[in-house]
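Q:
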Amino acid sequence: MSEYLDPTAPVAQPRKTARRPSSLDGKVVTLLDISKAKGDHLLDRIEELLRERAKPKAIVRKKKPTFARPAPDTLRQEIVGGTDVLIEALAD
Amino acid sequence: MSLADPELDADLIEELYARGVTDGLPVVVPTRARVDRAVAASGRGHDELVALVPPNWGRATVEKVAVNAVMAGCRPEYLPVVLAAVEAVCDEVFDLHGVSATTNAPAPLVIVNGPLRATLDVNCGAGVFGSGWRANATIGRALRLVCVNVGGARPGEVSMSTLAHPGRYTYCIGEREEASPWESLAVEHGFAPGDSTVAVLAADAPLGVYDARSRTPEDLLATLAASLAVVSHHKMTHWGDTLLVLSPEHVTILGDAGWSKADVRRWLWGRLQRPVRELLPGRDGGEGLPEHVLRKFADPAHDSTPIPKFRSPDNIKIVVAGGTAGRFSAIVPGWTFSKGSALVFRPIRTPQSGGSA
Amino acid sequence: MHDGVFFEDHGIPTATVVSTEFVGAARAQALALGATDYRTVVVPHPIQPLTREEVRVLADKAFDEIVRRLTA
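Protein chains in written order, with the numbering used here: chain W, 1 to 92; chain R, 1001 to 1357; chain V, 2001 to 2072.
1. Could you give the DSSP three-state label for residue 1064 (chain R): helix, strand or coil?
2. By the criterion of Cβ-Cβ separation under 8 Å, what are the contact partners of residue 50 (chain W) in chain R?
3. Grab me the residues of residue 1076 (chain R)'s own chain with a C-beta within less than 6 Å of its C-beta, minus the 5 sequence neighbours each way, in chain order.
4. For residue 88 (chain W), which residues does DSSP report across the bridge?
5. Listed in chain order, which residues of the region 1096 to 1119 of chain R have Cβ atoms closer than 7 Å to some Cβ of chain W?
6. For my contact list, residue 1110 (chain R) and residue 1140 (chain R) are in at a C-beta cut-off of 8 Å; report their separation, rounded to the angstrom.
7. Is residue 70 (chain W) closer than 8 Å to residue 2036 (chain V) when the C-beta atoms are compared?
8. Looking at C-beta atoms only, is the number of pairs between the region 1011 to 1031 of chain R and the region 1113 to 1121 of chain R that lie closer than 8 Å three or more?
9. For residue 1030 (chain R), does the count of other Cβ atoms within 10 angstroms reach 16, so buried, or fall short, so exposed?
10. Report the option in R:1335, R:1350, R:1199 whose CA atom is closest to the CA atom of residue 1098 (chain R).
11. Tell me whether residue 39 (chain W) sits in a helix, a strand or coil according to DSSP, three-state version.
12. Looking at chain V, which residues of the region 1143 to 1159 of chain R have a Cβ within less than 9 Å of any of its Cβ atoms?
13. Run the CB neighbour count on residue 1193 (chain R), radius 10 Å, all protein chains shown included, and call it buried at 16 or more, exposed below.
14. Okay, do the region 2046 to 2054 of chain V and the region 35 to 46 of chain W touch, 3+ Cβ pairs below 8 Å being the bar?
15. Exposed or buried, residue 1210 (chain R), counting other C-beta atoms within 10 Å across all chains shown (16 or more means buried)?
16. Compare the C-alpha of residue 1258 (chain R) against each of R:1345, R:1217, R:1201 and name the closest.
17. Tell me, please, whether the CB atom of residue 74 (chain W) is closer than 8 Å to any CB atom in chain V?
18. My output table needs one value for residue 1107 (chain R): the three-state DSSP class, helix, strand or coil.
19. Compare the Cα-Cα distances from residue 1329 (chain R) to each of R:1093, R:1100, R:1088, R:1207 and report the closest residue.
20. Below 8 Å on the Cβ atoms is my guess for residue 60 (chain W) versus residue 30 (chain W); work out the distance and round it to an integer in Å.
21. Pull out every residue of the region 74 to 92 of chain W whose Cβ sits closer than 8 Å to any Cβ of chain V, in chain order.
22. Please go through the same chain and pick out, in chain order, the residues whose beta-carbon is closer than 7 Å to the beta-carbon of residue 1356 (chain R), but skip the five residues on each side of it.
23. Closer than 8 Å, Cβ to Cβ, to anything on chain R: give me those residues from the region 2023 to 2034 of chain V, in chain order.
24. Quick one: measure Cβ to Cβ for residue 2028 (chain V) and residue 1157 (chain R), integer angstroms, because I've assumed they're closer than 8 Å.
25. Could you work out which residues of chain V lie near residue 1056 (chain R), taking near to mean beta carbons separated by less than 9 Å?
26. Taking only runs that begin and end inside the region 1238 to 1282 of chain R, name each unbroken alpha helix (DSSP H) of 4 or more residues, in chain order.
27. Under 8 Å between C-beta atoms, does residue 59 (chain W) make it to chain V?
28. Could you give the DSSP three-state label for residue 1113 (chain R): helix, strand or coil?
29. Give a yes or no on whether 8 Å exceeds the smallest Cβ distance from residue 16 (chain W) to chain V.
30. Using the C-alpha atoms, what's the distance from residue 1331 (chain R) back to residue 84 (chain W)?
31. How far does the alpha helix (DSSP H) with residue 79 (chain W) in it reach, from first residue to last?
32. Confirm, please, whether the CB-CB distance from residue 1238 (chain R) to residue 1311 (chain R) is below 8 Å.
33. Can you find the residues in the same chain that come closer than 8 Å, C-beta to C-beta, to residue 47 (chain W), ignoring five residues on each side of it along the sequence?
34. Can you tell which of R:1303, R:1204, R:1185, R:1230 has the C-alpha that lies nearest to the C-alpha of residue 1314 (chain R)?
35. Could I get the ranges of all uninterrupted beta strand (DSSP E) runs contained in the region 1157 to 1219 of chain R, with 3 residues as the minimum, in chain order?
36. Among the candidates R:1286, R:1166, R:1276, R:1183, whose CA atom is the shortest distance from the CA of residue 955 (chain R)?
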């Protein structure tokens, strides 16, 4: 038996990332601005590039109220229900 | 282990440091016996869940908090205060996720109100932010260890604060209610004078304000307002909760003149307004009003619309603390931009006050 | 990072763009949440003082990596 008790909390359950499509053709792409300065500028350009180089079915723009918190549940559900893939920016 | 084995104790102190579960200072080894004494003093069950601690959502049970409190050097009877502080910082309103991860500097400041201040000898007087009192030194430290060990706020890893401040070792004061002409911070926020409470504020380091010559409220408050004006940076606006810590000598000037806390807040809030034209980015510094605010004005460079430093008078929180000699007060800037953190209260539940409720 | 892990959990491939200074924090946070194979897209720090034109150049450079993060 250990001489002292563990001050840390147990590690989280391992999880896997989502399955990837072979390309973005015909996919709904959501661009999530986390509300840090200049993230919108980066996403503006990414939107242009997606339109030029991929053939997404649609591009949806979303914005978190603040970078300092995880996205609110309603926004998370809206995104999950309305997109195939997600690009979020920008943690600086 | 045998508590009478100082060499083993020293080895374990080194081991705990090497595991990265301390704040850098030596800790008390959290043996089963020590932890059990603390849990027993709380009157709560070992496995009772206190909170899930962001950002890792670690499970803070009463025992897990007790382990960290023992390490911090808490006496067993402090545990109810630590538990209340953990509950408070894990309230969504406090945004511990942001507080623990941000590049900014905040640390939770714990403010204790009520009769437990005397029972536990929480310093409210001379040197209130300083060293020398076990309760202040270890309650704040225990909260830090919980944030790191259960919440995952490891400095330089998940916690990305550029500078942080010494309040990340401990940051805990009591309000000197007996020296105040007004109701305490807790009573103002709906608690009874007989309740013991903690309030937590995500806060930068205290900024001292020296004013030995003012003798009227208007003179003193003008001095305090000028220091409040530079919280965050001098053109920051719409800021949230920030704490003004008035020393007994300073608050006497206000109380003797018949001013209420609300009068003081309204005066300061009214004073802390600047016209749009003085808040432009690039005028006296690159910072300034954000673009979405500037867009509301046709000609910002000549616009005189006043913009408040604080969103509302109620964001200026006031406590009385410190020694009876000295015309010094302090500002504790909150990390409280719009949609960010705010002051959160929790009652302290002891076995005597019905702790298992 | 919590958002990214949440969306991956819900079957949405996600590319999170972070600056070089935040790669370690993002990685540590993902690991703490159990997301061991989560990867970010990295752009050079700092971003906040840059002009729109300068940010555009960064986006151009990062674009291919973003697409790779989202596709198999």
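Backbone N, C-alpha and C fix where the C-beta goes; we use that ideal spot for every residue, glycine too.
The structure presented is a predicted model; accordingly, all values stated were derived computationally and were not measured.
A: Considering the structure as presented:
1. helix
2. The contacting residues do not exist; residue 50 (chain W) stays about 25 Å from chain R at best.
3. 1037, 1038, 1041
4. W:32, V:2016
5. 1097, 1098, 1102
6. 6 Å
7. no
8. no
9. buried
10. R:1335
11. helix
12. 1152, 1154, 1156, 1157, 1158, 1159
13. exposed
14. yes
15. exposed
16. R:1217
17. no
18. strand
19. R:1207
20. 4 Å
21. 76, 79, 80, 83, 84, 85, 86, 87, 88, 89, 90, 91, 92
22. For residue 1356 (chain R), the pLDDT reaches just 42, beneath the cut-off of 50, and the residue's location in the model is therefore unreliable, although a value from the coordinates is still provided. Closer than 7 Å at Cβ, skipping near neighbours: 1043, 1044.
23. 2024, 2025, 2028, 2029, 2032, 2033
24. 5 Å
25. 2029, 2032, 2033
26. 1248 to 1256, 1261 to 1271
27. no
28. strand
29. yes
30. 49 Å
31. 73 to 82
32. yes
33. 31, 59, 61
34. R:1185
35. 1172 to 1174, 1197 to 1203, 1207 to 1210
36. Since the first residue shown for chain R is 1001 and the last is 1357, residue 955 (chain R) is missing from the structure and cannot be characterised.
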